[in-house]
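In the working numbering, the protein residues as written are 45 to 294. Here's the structure we're looking at; comments come further down.
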Amino acid sequence: MSLIDQIDKTKVPQHIAIIMDGNGRWAKQQGENRIYGHYEGVNSVRDVVEGAGQSGVKFITLYAFSTENWNRPKEEVDALMELLVSTISMETEKLHKKNVRLQAIGNLNSLPPACLAELNESIDLTSKNTGLTLVLALSYSSKWEIINAIKQIAVDVKNGKIESEDISEENIDHYLCTKDIPDPELMIRTSGEHRISNFLLWQLAYAEFYFTETLWPDFRKEDLFTAILNYQNRERRFGKTSEQLTQPSE
Ligand code: IPE
Ligand code: IPE
Ligand code: MG
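Put into structure tokens, the structure is as follows:
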């Protein structure tokens, strides 16, 4: 039976978040420069987005560029921004035809204007689509997002829009970039690194983590299906005991 057929369609995570890591190392292994690895990584994005749609996932968030990535050599940052513009302009029509809705989270105003314009155009064009939602995390860091949320909450408390006593989990959700997006049930990181690198710290509070040695340019939809199958074999207890989950409550 193929991997996708083994997936229990009633237990597919609604939202998968991916830290796409290892492009630079992949390129080095091929004797090429890091930027070549980023270009090759686009093929993985295309395949994984298709696989996500096929498996019934509703939201997929891809960590494409972190706040910390601005500290990379200028040549690499410029190449990544150019790649972003060219990929979005090349892929939007296809995504639109497949009913995919594009969204973005992060400090988008820090992106080069051409990049932001291209991104906004695609977001607008696909905004009414009802299939998979593809969320790109760009110039994103979770601490930046949380600081921003706290600042906005402080302003709203000061203006009397909300009472400090009313601050709640749901309330905080509302102030984050991900306000209309359910929390990811599954987080995948490629390339053998076991860290979160400032990604969705709040939203991943109860996510299952899946780490693979595979470098991002080698990652394909079959690897995504393998991760989903692995997720489906886990028991998510949310603080309860295993017995509570398996025995009907009185
Ligand atoms: C992930 O691959 C892509 C981005 C962070 C933009 P890396 O560029 O981090 O690749 P490695 O980790 O150096 O191999
Ligand atoms: C995390 O990868 C960011 C993205 C995948 C966009 P990095 O390669 O930048 O993270 P660190 O430096 O290994 O933590
Ligand atoms: Mg890396």
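Using N, Cα and C, we set each Cβ at its ideal position, and we do this for glycine too.
Cα separation between residue i and residue j?
i      : j      : result
His113 : Gln291 : His is not the amino acid found at residue 113; the sequence shown has Asn there. Whole-angstrom Cα-Cα distance: 47 Å.
Glu120 : Asn67  : 12 Å
Asn87  : Asp210 : 46 Å
Ser183 : Glu287 : 43 Å
Ser186 : Ala193 : 10 Å
Leu248 : Phe282 : 13 Å
Glu279 : Thr170 : 36 Å
Lys284 : Pro117 : 47 Å
Leu289 : Asn277 : 14 Å
Val56  : Ser293 : 25 Å
Is residue i a contact residue of ligand 2, with contact defined as CB to any heavy atom under 8 Å?
i      : result
Asn113 : yes
Met64  : yes
Ala108 : yes
Phe282 : no
Ala181 : yes
Phe255 : no
Phe243 : yes
Using C-beta distances below 6 Å, list every residue in its chain close to residue i, excluding the 5 sequence neighbours before and after it, in chain order.
i      : result
Lys53  : Gly100
Ala161 : none
Met125 : Pro156 and Cys159
Ser166 : Ile132, Thr136 and Leu146
Met231 : Ala61, Leu248, Ala251 and Phe253
May I ask you to check if the CB of residue i is nearer than 8 Å to at least one heavy atom of ligand 3?
i      : result
Gly67  : A quick correction: the sequence has Asn, not Gly, at residue 67. Yes - ligand 3 has a heavy atom lying nearer than 8 Å to the Cβ of Asn67.
Ser235 : yes
When we look at the beta-carbon of residue i and count the other beta-carbons within 10 Å, is it buried (16 or more) or exposed?
i      : result
Met64  : buried
Ser110 : buried
Ile191 : exposed
Phe253 : exposed
Tyr275 : buried
Pro228 : buried
Gly204 : exposed
Gly75  : exposed
Leu245 : exposed
Does the Cβ of residue i lie closer than 8 Å to at least one heavy atom of ligand 5?
i      : result
Arg239 : With respect to ligand 5, the structure shown offers nothing to examine, as its ligands consist of ligand 1, ligand 2 and ligand 3.
Looking only at its own chain, which residues have a Cβ that is under 7 Å from the Cβ of residue i, when we skip the five neighbours before and after it?
i      : result
Leu259 : Gly66, Arg69, Trp70, Thr234 and Ser235
Asp91  : Arg264 and Lys265
Trp188 : Thr111 and Asn151
Should residue i be listed as close to ligand 1, given that the test is whether its C-beta is under 8 Å from any heavy atom?
i      : result
Arg90  : no
Arg264 : no
His82  : yes
Leu169 : no
Trp246 : no
Who are the Cβ neighbours of residue i in its own chain at under 8 Å, not counting the five residues just before and after it?
i     : result
Arg78 : Asn67, Gly68, Ala71, Lys72 and Glu120
Hey, is residue i's beta-carbon within less than 9 Å of any beta-carbon in chain B?
i      : result
Asn242 : The structure shown contains no chain B; it is built from a single protein chain.
- the stretch 128-139 in contact with the stretch 211-221 per 3-pair CB rule at 8 Å: No: the two stretches stay apart, fewer than three of their Cβ pairs being nearer than 8 Å.
- Contact between the stretch 222-231 and the stretch 197-205: three or more CB pairs below 8 Å? With a cut-off of 8 Å, the stretch 197-205 and the stretch 222-231 do not count as touching, because too few Cβ pairs lie within range.
- Task: Could you tell me whether the stretch 87-98 touches the stretch 261-280, where touching means 3 or more Cβ pairs closer than 8 Å?
- Result: Touching, yes.
- Task: Spell out a yes or no on whether the stretch 170-177 and the stretch 141-153 are touching, meaning 3 or more CB-CB pairs, one atom from each, closer than 8 Å.
- Result: The stretch 170-177, when compared against the stretch 141-153, does touch it at the 8 Å Cβ threshold.
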